[in-house]
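Enquirer:
There are 2 protein chains.
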Amino acid sequence: MGVLNGMRVVESSAFVAVPLAGMTLAQMGAEVIRFDLPTGGMDATRWPIAPNGQSLFWAGMNKGKRSIAIDVKTPRGREIAQEIICAPGDDAGLFITNLATPGWTDHATLAARRADLVSVTLRGDRHGRPAVDYTVNPAVGFPMATGPEGSTDPVAHALPAWDAIAGGLVVSGLLAAERHRLRHGTGQAVDLTLKDVAAAMLGHLGIIAEHALTGQTRGRAGNSLYGAYGQDFQCADGRRVMVIGLTARQWQNLLKVTGLSEPMAALATALGADFRDEGARWHARHAITAILSPWFAARSVADFAESFDRAGVTWSEFRSFSQAIEEDPDLSPDNPIFSQIDQPGLGRFLVPGTPFGFSGHERETVTPAPLLGQHTEAVLADVARLPDHEIAELFDQGIVTQPGREALRRAS
Amino acid sequence: MGVLNGMRVVESSAFVAVPLAGMTLAQMGAEVIRFDLPTGGMDATRWPIAPNGQSLFWAGMNKGKRSIAIDVKTPRGREIAQEIICAPGDDAGLFITNLATPGWTDHATLAARRADLVSVTLRGDRHGRPAVDYTVNPAVGFPMATGPEGSTDPVAHALPAWDAIAGGLVVSGLLAAERHRLRHGTGQAVDLTLKDVAAAMLGHLGIIAEHALTGQTRGRAGNSLYGAYGQDFQCADGRRVMVIGLTARQWQNLLKVTGLSEPMAALATALGADFRDEGARWHARHAITAILSPWFAARSVADFAESFDRAGVTWSEFRSFSQAIEEDPDLSPDNPIFSQIDQPGLGRFLVPGTPFGFSGHERETVTPAPLLGQHTEAVLADVARLPDHEIAELFDQGIVTQPGREALRRAS
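Just so you know, the protein sequences line up as chains A and B, in that order.
In terms of the numbering used here, the first sequence is residues 159 to 570.
In terms of the numbering used here, the second sequence is residues 159 to 570.
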């Protein structure tokens, strides 16, 4: 019984942003119904994949949802999908999509069936062009500000960050518009583009203002923390750590625990700088690093980890994904957000629930992703409220499918 | 009159995630009150900065908020902040923070003043250790999966992605818990850590499952799109473009518009591969790139941009921040999410409002960030409901401050 218990959201989607939004809602207790073609959506086989070829990506992005497989290329299939989206209920009539199709799943068409519908539609860009995380990121400039100082090669991020950020906004926009509907009775269309999410962020971070006022923007700075002090260091055991001196306290903690206050003060004097000023640390970062580097090079992580934690230093180790999964207790069943569960068709592995803790709600058991079409019959019955004979007809005509349904029927 | 009009949220914060969350709410029409020390918070001088030294970061992250400057190191200052957080109102009693302090701004202490308080608290990690985007990212593995194939150096992202993702979750968690309060009358504490946000994402993206089932995880792949086809290409004019063949349609579009279907078919035959399978494109990506590279190297972007757009190819150019700001109409007043506004003390530049379009609400004029303490007197009067003489006393004692207040009083 999560915080959103009772809410029903229908999702027509593929890839990251909107599926992640739907899953975020599902993991907070909402009933989220995703519909796909009987052959699967565009992300049905998205990598990473299991040894048996099944998509681990799809399993990851659709946890806790109900899945209905409908051939929405047929008129009847489309009508059923619309019935499900617009089904009655005060806490229903909520739709999220990145696949809005004019005349079918656009807001106006759906609102003709349910006037108080709230829909959130994510598109590529405001011109109607396709755009994905991999194209938006280069367009707004981050890859040219990533990687070693002096390099000229752009470096794309590995995390689909814009998708994940947009996914959070899809949730926020839906909840905001539903909040308004509850007070005023009116639904609305909420529109968002991936490109605008990135464009707005450039402004929020001060990058547009910097360009306007100084004619410049930041360039590549390796793994340095921009505008203050933060750096990666190689240790004696071959491990690499990241150490932060962003706030005054972080900076002081770092000097204290390494015992390097004196040479650092001498450096400041030599440069005529005051390292209490974060900008002074940024300008002097190479010299500061030259003082700190030998300290780390002479020590293994185990030599300083405990004292760093005790002193409240803000630091971490660089790890590969595999190292992180094998070494970090936060990526283990020790962390209550994770459960070891059986994912049908794939096996048993560690699966995250919501990262939220709601004091008013028990943490729910993590629900695996459905098989494609696993809830087709149930959703047709309890949401679309179709009579049994009509459901049977839809199965017979192949307009809807459900894995193992024939076997189920024979057994019953 | 935005979609969240009437809602009041109080924010105690610094840096990216929670300030961004508050601003997202403010740009949807909520009244967001941020309180800081009279000398400013930890991010008061965060880079980027203007030529006059003022923080463009602070201006970027606090647009549309009300700012009150209170010395919360004094008992009276703390009490006033608590009064503001817990002030009456059905749509108030909402608090977001990444600076929760036991015995003062923790949920239990505040809930003693207002039982139905909804608070969202973002922390570093579940162990109480400090963590920031710059340390969480290395810990979960992304920098070791970023950058050129074959390299061993970790590459940190330039976008504070985890902070931005967490900021969206702070908004979502707040709206979800407020929705529950409206139905059931009960408030609650919502907790979240930056580390858990990243840990959960590793699972959502299928990376934990991949490791569990195959013993492996992805490594560095340069600017290639993981698991399908997508690549950057150098063009004759020195520009670099990103081109995507993730879906079957994107892949077909790319072949059609470049006229390279035949050599690509020959390559597939030679490799015994079927490029309709996205995984086959991933495995053969270097060979595919070898066929496409000369095509791009022989052309300037202007030679193919129009035909790419007409054919619906998913592509973009790599740009520096400056190039993006100077060249892209989506980063200009042509884009309705942006306005040229005067930011007090800084000057006139392009500022983004919310990337959302709500069909039920006019797009609001973008409101600049306040000066630190700009709304101190007003918030003390209309939220804390303090009488005039008490407000005067607080100013006299230096417990609260407001820029130019003496001048204002003399003028009135």
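Ideal Cβ placement from N, Cα and C applies to all residues, glycine included.
Bear in mind that the values here come from a model prediction, so they are computed numbers and not experimental data.
So if DSSP puts residue 170/B in a beta bridge, which residue, or which two residues, is it bridged to?
Expert: Per DSSP, 255/B.
Enquirer: Within the same chain, show all residues whose beta-carbon is closer than 6 Å to that of residue 402/B, passing over the 5 residues directly before and after it, in chain order.
Expert: Once the five neighbours on either side are set aside, the close Cβ partners of residue 402/B are 388, 408, 472.
Enquirer: Mind the definition here: the segment 159 to 169 of chain B touches the segment 334 to 354 of chain A only if three or more C-beta pairs lie below 8 Å; say whether that holds.
Expert: Yes, since at least three Cβ pairs between the segment 159 to 169 of chain B and the segment 334 to 354 of chain A fall closer than 8 Å, the two stretches touch.
Enquirer: Whether or not the segment 268 to 279 of chain B and the segment 237 to 246 of chain B are in contact is what I'm after, with contact meaning three or more pairs of Cβ atoms, one per stretch, closer than 8 Å; do they touch?
Expert: As far as the Cβ criterion goes, the segment 237 to 246 of chain B touches the segment 268 to 279 of chain B, which means the pair count is three or higher.
Enquirer: Looking at chain A, is there any beta carbon in it that lies within less than 9 Å of the beta carbon of residue 166/B?
Expert: No, because no Cβ of chain A sits closer than 9 Å to the Cβ of residue 166/B.
Enquirer: If the cut is a Cβ gap below 9 Å, which residues of chain B does residue 161/A touch?
Expert: Here the neighbours are 331, 334, 335, 337, 338, 346, 348.
Enquirer: Could you please give me the residues that DSSP links to residue 501/B through a beta bridge?
Expert: Note: residue 501/B sits in a beta bridge opposite 505/B.
Enquirer: What are the residues in the segment 502 to 517 of chain B lying within 9 Å of chain A by C-beta distance?
Expert: Listed by position, the residues of the segment 502 to 517 of chain B near chain A (Cβ gap below 9 Å) are 504, 505, 506, 507, 508, 509, 510, 511, 512, 513, 514, 515, 516, 517.
Enquirer: Counting along the chain, where does the beta strand (DSSP E) carrying residue 277/B start and finish?
Expert: Segment 276 to 281, the beta strand (DSSP E) holding residue 277/B.
Enquirer: In whole angstroms, what is the alpha-carbon distance linking residue 208/A and residue 504/A?
Expert: So the two alpha carbons sit approximately 7 Å from each other.
Enquirer: Hey, could you find the ends of the beta strand (DSSP E) residue 225/B is sitting in?
Expert: First-last of the beta strand (DSSP E) with residue 225/B: 224 to 228.
Enquirer: Name the DSSP bridge partner or partners of residue 292/B?
Expert: DSSP lists no partner for residue 292/B.
Enquirer: Pull out every residue of the segment 295 to 326 of chain B whose Cβ sits closer than 7 Å to any Cβ of chain A, in chain order.
Expert: Cβ contacts with chain A: 296, 297, 298, 299, 300, 301, 302, 303, 304, 305, 312, 313, 314, 315, 316, 317, 319, 322, 323, 326.
Enquirer: Within a Cβ cutoff of 7 Å, which residues of the same chain sit near residue 324/B, ignoring the five residues on either side of it in sequence?
Expert: Only 175, 280, 350, 352, 355 meet the Cβ criterion.
Enquirer: To the nearest angstrom, how far is the alpha carbon of residue 558/A from that of residue 251/A?
Expert: Approximately 22 Å, taken between the alpha carbons.
Enquirer: I believe residue 556/B touches residue 229/B by the beta-carbon criterion, under 8 Å. Please report the beta-carbon distance rounded to the nearest angstrom.
Expert: Rounded, the Cβ-Cβ distance is 7 Å, consistent with contact.
Enquirer: Would the beta-carbon of residue 299/A fall within 9 Å of that of residue 479/B?
Expert: The answer is yes: Cβ separation under 9 Å.
Enquirer: For the segment 356 to 368 of chain A, list every residue whose C-beta sits within 7 Å of some C-beta in chain B, in sequence order.
Expert: Listed by position along the chain: 357, 358, 359, 360, 361, 362, 363, 364, 365, 366, 367, 368.
Enquirer: Under 9 Å, CB to CB, which of the residues in the segment 429 to 459 of chain B have a partner in chain A?
Expert: Going along the segment 429 to 459 of chain B in chain order, one finds 435, 436, 437, 440 with a Cβ nearer than 9 Å to chain A.
Enquirer: Have a look at residue 418/A and residue 460/B and give me their C-alpha separation to the nearest angstrom.
Expert: The straight-line gap from Cα to Cα measures roughly 55 Å.
Enquirer: How many whole angstroms separate the CB atoms of residue 195/A and residue 227/A, which I take to be in contact at a CB cut-off of 8 Å?
Expert: About 7 Å separates the two Cβ atoms, so the contact holds.
Enquirer: Measure from the C-beta of residue 146/A to each C-beta in chain B and report whether the shortest distance is under 9 Å.
Expert: With chain A covering only 159 through 570, there is no way to say anything about residue 146/A.
Enquirer: Listed in chain order, which residues of the segment 395 to 410 of chain B have Cβ atoms closer than 9 Å to some Cβ of chain A?
Expert: If the cut-off is 9 Å between Cβ atoms, the segment 395 to 410 of chain B has 398, 399, 400, 401, 402, 404, 405, 406, 407, 408 near chain A.
Enquirer: Evaluate the contact criterion for the segment 209 to 216 of chain B versus the segment 180 to 187 of chain B: three or more CB pairs, one atom per stretch, below 8 Å.
Expert: Cβ pair count under 8 Å is below three, so no.
Enquirer: Verify whether the separation of the beta carbon atoms of residue 189/B and residue 224/B is less than 9 Å.
Expert: Closer than 9 Å, so yes.
Enquirer: Might you give, ordered along the chain, the residues of its own chain that have their beta carbon closer than 8 Å to the beta carbon of residue 308/A, omitting 5 neighbours on each side?
Expert: The answer, listed in chain order, is 378.
Enquirer: For residue 424/A and residue 290/A, what's the separation of their Cα atoms in angstroms?
Expert: For residue 424/A and residue 290/A, the distance between alpha carbons rounds to 50 Å.
Enquirer: Looking at the secondary structure, which residues open and close the alpha helix (DSSP H) in which residue 354/A lies?
Expert: It spans 352 to 362 - the alpha helix (DSSP H) in which residue 354/A sits, taken as one unbroken run.
Enquirer: Does residue 375/A have its Cβ less than 9 Å from a Cβ in chain B?
Expert: Yes, because at least one Cβ of chain B sits closer than 9 Å to the Cβ of residue 375/A.
Enquirer: Below 8 Å on C-beta distance, what does residue 465/B contact in chain A?
Expert: Here the premise fails: no neighbours, minimum Cβ distance about 13 Å.
Enquirer: Need the endpoints of the alpha helix (DSSP H) that residue 181/B sits in, please.
Expert: Here the alpha helix (DSSP H) through residue 181/B covers 175 to 184.
Enquirer: Taking a contact to mean a Cβ-Cβ separation below 9 Å, would you say residue 467/A touches residue 297/B in this structure?
Expert: No; because the gap between Cβ atoms is not below 9 Å, this pair is not in contact.
Enquirer: Figure out for me which residue from 341/B, 475/B, 415/B has the closest Cα to the Cα of residue 381/B.
Expert: Nearest of 341/B, 475/B, 415/B to residue 381/B, Cα basis: 475/B.
Enquirer: Residue 201/A: which of 220/A, 522/A, 164/A sits nearest, CA to CA?
Expert: Looking at the Cα atoms, 220/A is the closest of the given residues.
Enquirer: Using 8 Å as the cut-off, can you tell me whether the segment 487 to 499 of chain A makes contact with the segment 310 to 322 of chain B, which would need three or more C-beta pairs spanning the two stretches below that distance?
Expert: The answer is no - the segment 310 to 322 of chain B does not touch the segment 487 to 499 of chain A, with fewer than three Cβ pairs under 8 Å.
Enquirer: The beta strand (DSSP E) that contains residue 473/B, what's its start and end?
Expert: Element bounds for residue 473/B: 472 to 475.
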